[in-house]
Structures are given as C-alpha cells and as structure tokens.
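Just so you know, the protein sequences line up as chains A and B, in that order.
In terms of our numbering, the first sequence opens at residue 3 and continues consecutively.
In terms of our numbering, the second sequence opens at residue 827 and continues consecutively.
Inspection log for the structure reproduced underneath, given as structure tokens.
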Amino acid sequence: MTATTETPSALGRPIKRKEDARLLHGQTNWTDNIQLPGTVHMAILRSPYAHAKITKLDVSPAKNHANVVNAFGAAELGDLNGSIPCVWPVTDDIVMPAFPALAPDTVRQVGDCVAVVLATNPQSAVDALEDIVVQYEPLPVVIDMEKAIAPGATPVHADAGTNVCYVYNLGGGYEEVKAKADVVVKRRFINQRLIPAFMEPRSVVAAPMGMSDEITVWSATQIPHVLRVLLALVTGIPENNLRVVAPDVGGGFGGKLQCYREEVLVVNLARKLGRPVKWTETRSEDMLATHHGRDQIQDIEIAATKDGKLLGLNVELIANMGAYLQIITPGIPLLGMFMYPAIYKMEAYNFKCTGVFTNTTPTDAYRGAGRPEATYAIERIIDELAAELGMDPLALREKNWIKHEEFPYTTVSGLTYDTGNYEAATAKALDLFGYDELRAEQKRRRDSNEPVQLGIGISTFTEMCGLAPSRTLGALKYVAGGWEHCTIRVLPTGKVELITGTSPHGQGHETAWSQIASSILGVPVEDIEVVHSDTGRAPYGMDTYGSRSLAVGGRAIKLAAERLIEKARVIAAHQLECSPADLEFVNGVFQVKGDASKQQPLGAVAFEAFTAHNLPDGVEPTLQGEATVDPDDFSYPHGTHLAAIEVDTETGKVRVRTYVAVDDVGIQVNPMIVEGQVHGGLAQGIAQALYEGAFYDEDGQPLNATLSTYLIPAAPDLPSFITGQTVTPSTTHPLGTKGVGEAGTIASTPAIINGVVDALRHLGVTEVAMPATPMTVWKTIQAAKGGK
Amino acid sequence: MIPAAFEYTKATTVAEALAALQAGGEDAKVLGGGQSLLPVLRLRLNAPSVLVDCSGIDEISGIREEGGKVVIGAGATHHAVMNNALVKSSVPLLAQATATVADPQIRHRGTCGGSMVHADPRADLPPVALALDAEFQIAGSGGQRTVKAAEFFQGPFETSVGPDEILVSVSFPKYDGWSTHYEKFNRTAQAWSIVGVAAAVRMDGGKIAEARIGLTNVGGTPMRASAIEQALVGASSLADIEAAAARASDGLAPFADDDADEEFRLHLARVLTKRAVAAASGLK
Ligand SMILES: Cc1cc2nc3c(=O)[nH]c(=O)nc-3n(C[C@H](O)[C@H](O)[C@H](O)COP(=O)(O)OP(=O)(O)OC[C@H]3O[C@@H](n4cnc5c(N)ncnc54)[C@H](O)[C@@H]3O)c2cc1C
C-alpha cells in the first residue's frame, strides 16, 4: 500500500455530468436519427429454424414490391457477402467455422440472416420480405451442451465434424493437494444465458461520401476504432477510405462490442448501390441476433483442511459458443480463467474449459465477460465449503484471503495484484449492514418457522479489468493490443480539445476526462471539449469495454497533459526570460518561483504557440501533447457486498431487503459517476440472479425472446442500494485509479444467490438455480423437504 | 417490428364508429388505448385492414353513477378509473386491481373496456368484473344489448363482443361497506400476473357473511371460485380462511408456462386466495 497522493482540484469532485443536459433534453444524435438524402432501408429475412438446409431461395418476387430497390440472397451478393471475423483463436487447434453474413446454404440458429430487401422506406422493405420464396429442410438440432459433445451428436458445422470448438487447460497440481485435503466440496453451477438488452437498439448507416472514395459508417457501437479495422479487413475497402462514427450510443454492456453481420451487409450494400443504406433493428430482432452472454456449465471442486485452510480449486467449464464465433466469443471464458482463485490464497489451481457449438445465438462479451462467471463460482463454493465445515462464511473468507500487508501478491493463477485491503472493505460493509442483528433475526425466523425466511448473502469479490497489457493479450493469442491514446490541444483561444480513443456510451467520459485534464492543466472543466468516437476526428483508439477506459485511457490523458505542460513550460520560460526550471505551474499559470509578478497563463502560451512570432529555437508551433500508452498491468478493484434476502417460502418469491456494496476502486475521479456505475452494475447482477435468463426449447426455438417474457427488473424491484467506499490507490496506475464499470455486476450475482441459499439451508437446500424465479425457488424447497 | 399497412379512421361518436366497422368489413378492428392491439400488430400476429380509433369518443369515456350502479365508459383510461372518487368508494376492488396494471405510461393510455374486450387470461380487470357481477353494455347495428360478466368472457382473447360491435360501458353494482383486496403475484412489479386473486367480503360481527372471489390466469378465462365463496361464509379466523382457501384450486385445470407449471399455479391459487381474503377481511 502507498499513501494517497495529493488530490488536485477537479479530481475527486462529484460534479454533474456535462453530457446529461443534452441527453435529457432529447438533443441526442442516435444513429437511427440520421437522415441522409437518397437513403435505402434494409430489412432482413431471418431463419425461423435453428438448423436447416435452405433448399430454395428466390428473392426476385420481392423486387416487384412497391418502393423496393433491390433484394439479395447469399448467391446474389457473391463476393460482397462478407465473412464475420473472430479475433481470438484461443488455441492452435481451435475450430473456426466460416461465418458468412448471409447464410449461403445452411441456417444454424433462429435469426440467422437469409436474405435482405432494400427499399426507399423501412415499411416497404419489411413488407417485401413476405414475398421472398424460401424453403427449408430441417436438420437435427443441438441445444444442450452436454448432448452436443456426446458421441453421435449432429455437428452444427458439418465440415468441422465435431461440436467441440476448443479445449483450454491452465494450471495443475490440484489432484496432489486434494489427496491431502480433509474436505472436498463439489458443485455444478449453471451460469445461464443472458441477453445484453441495452436501451437503444442496434442501428447502422453507411454512406458513400459523394466526390471522395470515403465511406462513412455510423453505428450504434462501442468500438468505432476496432470496427473500422475489421470492416476494412472484411469488406476490402481500404481502411483510409473508411470513417466510422459512433454517435450517441444508448448503452452496450458488451452487446455493442462486435462486428455484426448487419454492419457488414450495410457497408457492402452502400458500396454496391452507391447510396446510403440504413438498418435499425427491432427489439424482436435484437433478442435473436444481438450476441448473448454467459451460458456456462461450471463443475467446481474445492479442497480444504478441516480447520478451513484452502488447498486447491478445480474448475471445469463447458462454455456455449452458440452457432458461430463472433469477435471474441472463444475468449470470454478465458477472461475469467485467472479469477477463479479470486482473493484467496491456495496451493493449486486447475482450469479446463471446453468451448461448444450449439444451434443458438452466438455468445460473446456481456458486462463482466468471464469474471462474473468466475466470481459466481468461487463465491458460491466458498459458502458451500463454509456450510460443510460448519464455519461462518465470512470467517472462512477472512482466514484465506490475502492480507493487506501481503500486497503486491501473486496469486496461484499467476496474476500479481498490486494493492487491496479486503479487511477494510469488509469492516466498512459490516458497519453499514448490521451483520449480527440480521443473524439474530434469521435465527428468530427459523426458530418460529415463519413463512418468510431471511438469508445473508456475501460476496468478497475482486476482478481483473482494464483490458489490457498488449503483451499479455499476445500471449493469450488475442489478435490486437490493449493500449489507449489521447491528444490534448490548447487552442489559440485557450479552449482545450481532448481527443480520446475511448468510446463512451453512457459512462460519462466527457465529464471525467475533463476533470482529469482540468486537474493537470488548470483549465476549467467547462472549457474542455472531449472529442471521441469518430475515427475522422479521433483517429487512434481501442474503444470502451472491460472497464478499460479510465484504467487504460486515463493513463494516456495524464501523460498527454504532462507532455503538453512540458512543451508549454519551454515557451513560457522564453516569454518570461527565465529558465524552464525556474518556473512553477500552478492553477493553469506559469510563474517564476519566488516572483509572483512574473506570470504567463497557459492560454497566453497557447496563443504564442499559434502565432509562432517568438518561439524559442527548435520549438515547433502549436500547443499539444499526445500519448499512446500500454498499461503496465490489469486493474484489480475489489469490494465486499452484503445482501439481506427475504424468501417467501409459501410462494418462492425472493426480495432483496438490504444491499450494501462497499467498493474499492482506488482514487475516484468523480464519486457520483462511480456510484452510478455501481448502481447500474448491481441491478444487472441482481437481474442475473433473480430475473433474467434466455432459454430455448429442444427445437432451438427461443422460449422468451421478448421483453414481456425476458424479464428485466426496474426500480421498484430493487432496494435502495447502500454504497460505501474504501480507497486503496492502485500502484500500477499513475492516477491511482481502478476500473469500476463491471464491478457491481460481477459482485452482486453470488451475493444474492448466497443469500437465497442461506435463507433456505436449514430446510436442506444447497443450491438454487438462476434465475431464482418463484417457481424455481418453491420447487427447490419442495424437493428439499421431500428429500428429508 | 413494423405492422402491416392498415387504414385508419377516428370516430367521434358510437354511431360513426359502428358505421366505420360495417364499412370496413370482417377485417376492421376497434382501437382503444392501443396498449394490447399495437403490440399484436407490431408482432404481425394480426393484420386488420382498418382500425377504427374509438379513443376519442366522449360518450364512452366517462364514469358516472346510474340506477345505483357505477357505470364505467369503455374508453375510460386505467388512470381515470383508479383515481375516480366514485370507483374508489363504491368499487374499490376495481380501483386497486387497476392500479396494479403495468406502469403509469400504459395506464394513461390503456382503457378499462380495451382490457375487457382483449380478454387476455393474465389481465387483472376481468376477474374483478366476474367476481362483482358486472354487466357489459354492447352497441351494434341493431342497438344496444347487455351481457352479464359470467357470459361475457368466452375464452382466451374471446368475448361476446362481435366484430362489428363496440363495448360501450361496464357497470358495477355498488359494494359500499364491503372490504376488498386484489392480490397480484408477478415476478417484477410491472409484469403481468402469474396468478391474481380478487376478493370481496362483507363482514358481519367479526365473521365473513358473504364472499366473492375471482381468479386471474388460472385458465383461459377469469374464474369465479364459487366453492370457496360458500366455504368462507362464517369464517372468523385466519385458520378458517386457510381451510376454505385450500379449495381454491378445486376444478381448475390451468395451463403451464415459463412462470408456473400446473402444480405451482394451483398452489399459488390457494396461497394467494388465503392472502387476499385475509387482507380483505382483516381476520388473523
Ligand atoms: C407492457 C404492458 C404491460 C401490461 N401489463 C398489464 C397488466 O399487468 N395487467 C393487465 O390487466 N393489463 C396489462 N396490460 C394491458 C393493458 O391493460 C391494456 O391497456 C389493455 O389490455 C388493453 O386496453 P387498450 O385500451 O389499450 O386496448 P387496445 O389495445 O386498443 O385494444 C385491445 C383489444 O380490445 C378491442 N377494443 C378496445 N376497445 C374496444 C371497445 N370499446 N369496443 C370493442 N372492442 C374494443 C380492440 O379491438 C382490441 O382487440 C399491459 C400492457 C402492456 C403494453
């Protein structure tokens, strides 16, 4: 641990978000609002079958429909039917099937794209889909992952001959430590399939830009920069002729971290037709065709001594890839791989993951991506071990976690956590929660056999975020780096332009980045304009996902600002006729040390740099600083979350009565934004525990692909969260900050289920499947009672 | 999704609406608040050729007392119903059930009549109408007729309102002095009922003298639990209520869905009936 560094002015203040007035007054620029003259609208014919041969496809009748410009199947598109990329071949022998945008002969999921119609208005395009003649010959469907990898299963991709995409192994030595263990607990957890369900549906517009060769693409994406590279590779359009803009983007949660079929189709069709093409998904399409998240079977075994010392952990995963590999589909379980041991010290760790193809929507990143799965497994199994040992679950955790004086600490999976203080976060959470009183109430309710039982759910989580050191990504066979870029310019008028490679879609970067720059440049937050999400104006970047924007992008902001000040110092010294070393920079003004009458504000330096009338020799005009920074390490936020859970044993309904979240995200740039991220994250993690889950029937038909059946909780379903913080600055980040975007989601799911199980353990319940719906909980209670 | 194309006419009187329906033929459909019909159109589950918008017909939008009954215009919005003083005092069960429908935005557009005619098995208002013996006034080319709640609901999404007819109003007998409770069980606060129980009791000397029970979403239509209504008479304790409520599932053959299979639905009918009657009667 190091001491907190001095907190400069704008840093650490809960100032209101600059972007909100515009967002709240409807002055937004969503992709679907973009109206270009001559636009044609695309509608997509999607497969109603989970697996079928296309025996006939005739799009020509659709062309006769009023207002239709053209219609295409895979055959008509030919070379323009781009192949959707996967950039994370996790093993040398991974099976990477072809993934054409329009299915040429076989459909492999409900929602697979079969044909497109383009019309001068979206209504006509949709109507004309009904005129397309298509016939299918259904093929056997594989949905269940274990059946998919059993001998004799029909392969989703016939030419692959198997549904095993890859097998990945890490670690070793578990069997040896298990041999000396007193207690071994084994559980199977199901991390169910989820749908990202951002508010703004996906939308994309591509337009050839008149006289130039440029094609501009506006997309509701989290990754304009990465998308530009991928679109160039997939379509063959020279990268320097592609400009990708992510205008206002209404949420993503990983679901907009993708290079989608529809994006490739729109770009290629704009090129082919020579006019703007637009597509905006309906919610019904979104539920089928936006990638899904989670969907793992987790076989977890933990070995310990009888006094509760952890010895080792064995993790065996089966991870659902869905029907195809999308951008980082195979890598998602690997993002969790290092985190199963979490905050605990142990001697051995074995990890094995089998990636499996099924006739379902492809999976990929969803808020937390791999780490929620890992955290769920470890925090659940620790509770089960505590029950087996007859120990208090918190005492078992404390006995095994890394003590604050042991940092930096290298875990059994090989990560080195820079800092952390689990004792402090837990003490604070207990304070806010009233643990002992709640345990007393729990006992009272149990003793009097009340219909509503109380459980206490614990999650002492950590996670790794801030993706990512490029060398580590390389070692994991990821095909890109994890750096971030920032350019800061002080314009002649003294106003500041901060150009970032991060791509906010709700996180408040415009405010937070201004605060960081303001604290270094001494320029008021209002005078800083953050430019982002447009490869034409902000050419370099790796975008926003994996809680990386501050954890990585913040480094670049700080360095760019410091470089700018160094250049300015030389000019100011020339103006003030002193040596640069004689100057101090305070609140945006250079001043000769010991002589406050000799001053030069940054704006005046910028004007001098602009006119260039009197620059020192060798100094170039203009005042800017730039930096492209690769992070030294991942970021390891942590925290202690405690939930008081009421379970109505008569109906199975679960109520989250109290939720305390104490998070340690290091130095906070804007505590209000931190709290907002935590609140939203908690809601999403609680949603996995209690409400959300996407399911298929045996034929591969989605059972609940509408928002009236895929239930998302709203404010009345959630308690008023009690949040707290401890601040243990990161020592590997120059600002001392850690990522916060996913922490709440990662932490809360196991806290809730631990609480549900704790409420019912005296009835013989040891596991409750997610989502813990009333029927699931009630049936679990009935089964436990019957089994006694 | 985008609905299939349709013609649209806005009626300002019942006569105008009836004429438009006649002219539109088989495929014409009444549009009330649109909160159920528009989702159906957007999912392309139905494609009427003409929509006759009845949301602006003043003569079917009001709430008034007439002949000792509370008459609710079919076009009265959920918001209007639940906040109406007359409804709150004389048909409080309807006010309470209406307040559980969806969210404020939907309640500002959706109508009492639309909910009744749509007759979604999950809807919260039909069981109230059934339990309270409401009557439905229906206008057609031949004039107006009245149908009792017991005959009105004919199946899932099926009522006795013909394709060329319009529901004008729903009238409820006044239940002054009764105590009522609507117990809705759903997964999220703004979701549809998995099971709901509408209970009305008249207390006399600490005992239940009369009871009326309607059940939501335990069959294709709302269900009247007459067996329990009898069994509840004379109940003076929670134990009595529990014993009677155990029969709430008698004779039901509910369907299964993701939220509840048959066993769980029958169980919920019993538990929720107990809770609804306990809350209405105040018995402990
Ligand atoms: C997200 C959501 C959640 C909901 N949750 C609930 C809930 O929890 N509980 C609940 O009970 N309801 C719920 N509803 C439904 C809501 O109550 C609707 O308002 C109601 O079902 C339909 O009323 P409407 O006026 O919108 O009718 P519309 O949608 O306009 O019409 C529905 C049907 O009734 C017919 N119709 C309408 N008015 C007349 C009339 N005067 N004469 C003849 N036919 C007519 C139409 O032709 C159509 O067939 C929900 C709706 C939504 C969108």
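Even for Gly, the Cβ is constructed at its ideal location relative to N, Cα and C.
- Taken in chain order, the complete beta strand (DSSP E) segments of 3 residues or longer contained in the segment 445 to 522 of chain A are 454 to 464, 486 to 492, 498 to 502.
- In the three-state reduction of the DSSP assignment, A/D650 falls in the strand class, which pools E and B.
- With 16 or more other Cβ atoms inside 10 Å of its own Cβ, A/T33 counts as buried.
- Residues of the same chain with a CB within less than 6 Å of the CB of A/D215, apart from the 5 flanking positions on each side, are N243 in chain order.
- Relative to A/Q686, the option among A/I669, A/A608, A/P773 whose CA is nearest is A/P773.
- Shortest gap from the CB of B/P865 to any heavy atom of ligand 1: under 7 Å.
- At least one heavy atom of ligand 1 lies closer than 7 Å to the C-beta of B/I932.
- Taking the Cα positions, A/H576 is about 7 Å away from A/L617.
- Around the beta carbon of A/G75, a 10 Å sphere encloses 16 or more other beta carbons of the protein chains shown; the residue is thus reported as buried.
- Counting other Cβ atoms within 10 Å of its Cβ, A/T218 reaches 16 or more and is therefore classed as buried.
- Rounded to whole angstroms, the separation of the alpha carbons of B/H1007 and B/A873 is 38 Å.
- Beta-bridge analysis with DSSP links A/A209 to A/T218.
- Not one heavy atom of ligand 1 sits closer than 7 Å to the Cβ of A/D309.
- A/V658 sits away from A/I755, with the two beta carbons spaced by 8 Å or more.
- Taking the Cα of A/R373 as reference, the smallest distance to any Cα among A/Y342, A/H640, A/T108, A/V525 is reached at A/Y342.
- Taken from the Cβ of B/A830, every heavy atom of ligand 1 lies 7 Å or farther away.
- The DSSP assignment places 904 to 908, 911 to 916, 918 to 925 as complete runs of the alpha helix (DSSP H) inside the segment 902 to 932 of chain B, in order along the chain (cut-off: 4 residues).
- DSSP, read as helix, strand or coil, puts A/Q224 in coil.
- In this structure, A/A64 lies near A/A130, with their beta-carbon atoms less than 8 Å apart.
- DSSP places B/R1050 in the strand class (E or B) of the three-state scheme.
- When distances are taken from the beta-carbon of B/K855 to the heavy atoms of ligand 1, the shortest one is below 7 Å.
- In the DSSP assignment, B/R890 falls outside any alpha helix (DSSP H) and within the unbroken beta strand (DSSP E) covering 889 to 892.
- Scanning its chain for C-beta atoms nearer than 6 Å, with the 5 sequence neighbours on each side dropped, one finds around A/P673 the residues P16, in chain order.
- In this structure, B/R971 has its beta carbon at no less than 7 Å from each heavy atom of ligand 1.
- Here A/T739 is not near A/I675, since their CB atoms are 8 Å or more apart.
- Relative to ligand 1, even the nearest heavy atom lies 7 Å or more away from the CB of B/G850.
- Judged by DSSP in its simplified three-state form, B/C938 adopts helix.
- For A/E652, the neighbours in chain B by C-beta distance under 8 Å run, in chain order, V1097.
- Nearest Cα to A/R369 within the set A/A562, A/A442, A/Q224: A/Q224.
- Counting the other CB atoms within 10 Å of its CB gives A/N171 a total below 16, which places it among the exposed residues.
- Residue-level contact check: B/L919 does not touch chain A, since none of the beta carbons of chain A fall below 8 Å from its beta carbon.
- Your pair A/V317 and A/I302 checks out as a contact, with CB atoms roughly 6 Å apart and the cut at 8 Å.
- Within the chosen limit of 7 Å, ligand 1 reaches the beta carbon of B/W1018 through at least one heavy atom.
- B/I1054 has a beta carbon lying at 8 Å or more from every beta carbon in chain A.
- Within the segment 665 to 749 of chain A, the beta strand (DSSP E) runs of at least 3 residues that lie entirely inside it are, in chain order, 724 to 727.
- Counting only the Cα atoms, A/D635 lies some 36 Å from A/D584.
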